[in-house]
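Read the structure below first, then the notes.
Protein chains: 2
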Amino acid sequence: MDSSSESGMCKRARRLRSDAEQNRDRIVEAARKVYRREGLSASMAGIARAAGVGIATLFRRFPTRMDLIAAVFEDAMQRNRDAAVAARDAESAWEGFREYVETVCALQAANRGFAEVLTMNYGTAKVLERQRQEAFEAFTQLIGRAKKEGRLREDFSPEDLPILLMANAGVLGTVGDAGAMASKRLVGQMLRAFSESGSEPLPPAPSPKELFRGMVRQRRTGGA
Amino acid sequence: MDSSSESGMCKRARRLRSDAEQNRDRIVEAARKVYRREGLSASMAGIARAAGVGIATLFRRFPTRMDLIAAVFEDAMQRNRDAAVAARDAESAWEGFREYVETVCALQAANRGFAEVLTMNYGTAKVLERQRQEAFEAFTQLIGRAKKEGRLREDFSPEDLPILLMANAGVLGTVGDAGAMASKRLVGQMLRAFSESGSEPLPPAPSPKELFRGMVRQRRTGGA
DNA sequence: ACACAAGCGGATAGGGCATTCCACTTGGTT
DNA sequence: AACCAAGTGGAATGCCCTATCCGCTTGTGT
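This is how it looks when you write it as structure tokens:
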């Protein structure tokens, strides 16, 4: 309630009452599960239901949807940042690059919400934005190394990564079961395009049946 | 059944009353515009409003959303099919391949609804499904030619096209203004991966600012 | 000109969602 | 034990959507 200027940092002004703290955790946990499956457009009401708390409790703790998203994905974004930093310092720049790209895209495949968080610019969510920025900077340095190594094409641009992440999210969001397979295939193709030699191995393509069957169940468009 | 063989159009048992026909056209036109901008999840109510007809009129003419989508995109899908056939018969298979891929992806960029129609399997919409099938078959034949030419990699799979279309739709759906640019970049990278030589030229990458600014305005996730 | 089926659009039912409000409970401090 | 601010859940509000119903209007064949 009082937005008294506390400590500048975005910490919780007063410590929550123990039961409230517990509820908060339940909400975040429930949201984590729901977002993973349904993506970020999951309804607040549904999350409250899944958490077993009243809707008011959710809104009191997380006034905007972004507050909740930030709370849920802060640690995943941190892990992403750490992965980027580790890749930057990897022995072989190209191997670090390849593995980082594959890892991030696999994380997207495993978590629909995370896939969307990665391809979203939330000016409001300072934490997430900083983490993204840090990951991006580490990645940019990695690019320099990999080009010097002669394994990454000179015309690769840092922006190719977010583009790939958006593309990957698109594939994953469209195709259902075979999503991971289609995603791997896409990433394989892209890595080929990025590599100087172009000799990267390619994961197998999904069968037409898998692919097209997955395409059926679109989100809300499936009216009768 | 009815002896009225009338025009080539197979459907509509009885001819519509003239004013109804006009309304139908207005609806389809309005839907075309709305779908282009908003994608297939646009609301029926909104389309009726845009068309200046009552909701009931829309539902009477197009009982399900798919009926409307099919009516709107039938000709675009036909043009797509024709493009695929033309590519199949092109002098240079690789050039046909490249141009077809670029064309389809550019159409996606110009029309959000079409981007979604292309990456959707509507078992119910026979017309669209048949057109997709025909395009796909022509494309598959084209692949054979291009591989024989030695310009397309042997491990390219027909399923790589739908995957690319989904990926492209993902990029376009995420980024706003710079969508066309990011899309071109993606397609350029993919064509590189597809080509045996890997020497395809690459369109310029969008600037970080363009890219990230576009990422802001997500659909319904923009709460406060 | 007239009858009437075809067509029309507003009203309405029914549902989901975000968000606010409020009367009631409860943890923690004294 | 008693107090009360912090916390709670559910009801209420308001919006938008899909889908159907129904009394009125209009094109068209005779």
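These protein sequence lines are chains X and F, in that order. Per our numbering, the first sequence starts with residue 3, numbered consecutively. Per our numbering, the second sequence starts with residue 3, numbered consecutively. Note that CB positions come from ideal geometry on N, CA and C, so glycine has one too.
Top-ranked residue by Cα proximity to residue i, from the options
| i | options | result |
| --- | --- | --- |
| X/Arg132 | X/Glu101, X/Thr142, X/Val173 and X/Met79 | X/Met79 |
| F/Gly175 | F/Arg114, F/Pro203 and F/Glu104 | F/Arg114 |
| F/Ala169 | F/Gln191, F/Gly152 and F/Lys150 | F/Gln191 |
| F/Glu212 | X/Asn123, X/Arg83 and X/Arg51 | X/Asn123 |
| X/Leu167 | X/Ala112, X/Thr59 and X/Cys107 | X/Cys107 |
| X/Leu18 | X/Arg147, X/Leu193 and X/Thr59 | X/Thr59 |
| F/Glu139 | F/Ser159, F/Gly125 and F/Lys150 | F/Ser159 |
| X/Gly146 | X/Gly98, X/Leu193, X/Ser209 and X/Arg215 | X/Gly98 |
| F/Val55 | F/Ala33, F/Met68, F/Arg39 and F/Asp69 | F/Ala33 |
| F/Asp157 | F/Glu31, F/Ala195 and F/Arg39 | F/Ala195 |
| X/Glu151 | X/Ser94, X/Pro210 and X/Phe214 | X/Ser94 |
| X/Ala42 | X/Asp84, X/Ala137, X/Ala72 and X/Pro203 | It should be noted that the sequence gives Leu, not Ala, for residue 42 of chain X. Checked all of X/Asp84, X/Ala137, X/Ala72 and X/Pro203; the closest Cα to X/Leu42 is X/Ala72. |
| F/Arg67 | F/Arg215, F/Ala148 and F/Val30 | F/Val30 |
| F/Phe227 | F/Thr142, F/Ser20 and F/Arg38 | Absent from the model: residue 227 of chain F. The displayed extent of chain F is 3 to 226, so no value can be given. |
Cβ of residue i within 8 Å of any chain X Cβ
| i | result |
| --- | --- |
| F/Ala195 | yes |
| F/Ala226 | In this prediction, F/Ala226 scores a pLDDT of 26, lower than 50, which makes its location untrustworthy; no coordinate-derived value is stated. |
| F/Ala207 | yes |
| F/Ala22 | no |
| F/Gln143 | no |
| F/Leu154 | no |
| F/Ile122 | It is Met, not Ile, that sits at residue 122 of chain F in the sequence shown. At least one chain X Cβ lies under 8 Å of F/Met122. |
| F/Leu109 | no |
| F/Gly31 | Checking the sequence shown, residue 31 of chain F turns out to be Glu, not Gly. F/Glu31 does not count as touching chain X. |
| F/Ile49 | no |
| F/Gly175 | yes |
8 Å contact criterion, which residue i and residue j should meet: CB distance rounded
| i | j | result |
| --- | --- | --- |
| F/Val189 | F/Met217 | Between F/Met217 and F/Val189 the Cβ distance is about 19 Å, and since that is not below 8 Å, they are no contact. |
| X/Thr165 | F/Ala184 | The sequence shown places Ile at residue 165 of chain X, rather than the Thr named in the question. About 5 Å separates the two Cβ atoms, so the contact holds. |
| F/Glu161 | X/Ala207 | 4 Å |
| X/Leu154 | X/Glu198 | 6 Å |
| F/Gly172 | X/Val173 | 6 Å |
| X/Leu120 | X/Gln110 | 6 Å |
| X/Pro205 | X/Lys186 | 4 Å |
Closer than 8 Å to chain F by CB, residue i
| i | result |
| --- | --- |
| X/Phe214 | yes |
| X/Ser7 | Model confidence at X/Ser7 stands at a pLDDT of 37, short of 50, so the residue's coordinates are unreliable and nothing is read from them. |
| X/Met217 | yes |
| X/Lys211 | no |
| X/Arg114 | no |
| X/Gly1 | The displayed coordinates of chain X run from 3 to 226. Any statement about residue 1 of chain X would go beyond what the structure contains. |
| X/Ser169 | Sequence inspection shows Ala at residue 169 of chain X; the Ser mentioned does not correspond to that position. Answer yes: the Cβ-Cβ gap between X/Ala169 and chain F drops below 8 Å somewhere. |
| X/Arg222 | Confidence at X/Arg222 is low in this model, with a pLDDT of 42, below 50, so the placement of that residue should be treated as unreliable; the coordinate-derived value is given next. Answer yes: the Cβ-Cβ gap between X/Arg222 and chain F drops below 8 Å somewhere. |
| X/Arg187 | yes |
Answer yes if the region 79 to 88 of chain X comes into contact with the region 125 to 142 of chain X, meaning at least three C-beta pairs across the two stretches below 8 Å, and no otherwise.
They touch, by the three-pair rule.
Item to complete: Determine contact between the region 23 to 33 of chain F and the region 61 to 71 of chain F, defined as no fewer than three beta-carbon pairs at a distance below 8 Å.
Response: The region 23 to 33 of chain F is in contact with the region 61 to 71 of chain F.
- Can you give, in chain order, each stretch of the alpha helix (DSSP H) that sits fully within the region 24 to 90 of chain F and has at least 4 residues? If you keep only unbroken alpha helix (DSSP H) runs of at least 4 residues inside the region 24 to 90 of chain F, you get 46 to 53, 57 to 63 and 67 to 90.
Original post:
Which runs of the alpha helix (DSSP H) spanning at least 4 residues fall entirely within the region 103 to 178 of chain X, listed in chain order?
Top reply: Segments of the alpha helix (DSSP H) lying fully in the region 103 to 178 of chain X: 114 to 120, 128 to 151 and 162 to 176.
- Hey, is the region 49 to 57 of chain F in contact with the region 95 to 106 of chain F, meaning 3+ C-beta pairs nearer than 8 Å? The region 49 to 57 of chain F makes no contact with the region 95 to 106 of chain F; the number of CB pairs closer than 8 Å stays below 3.
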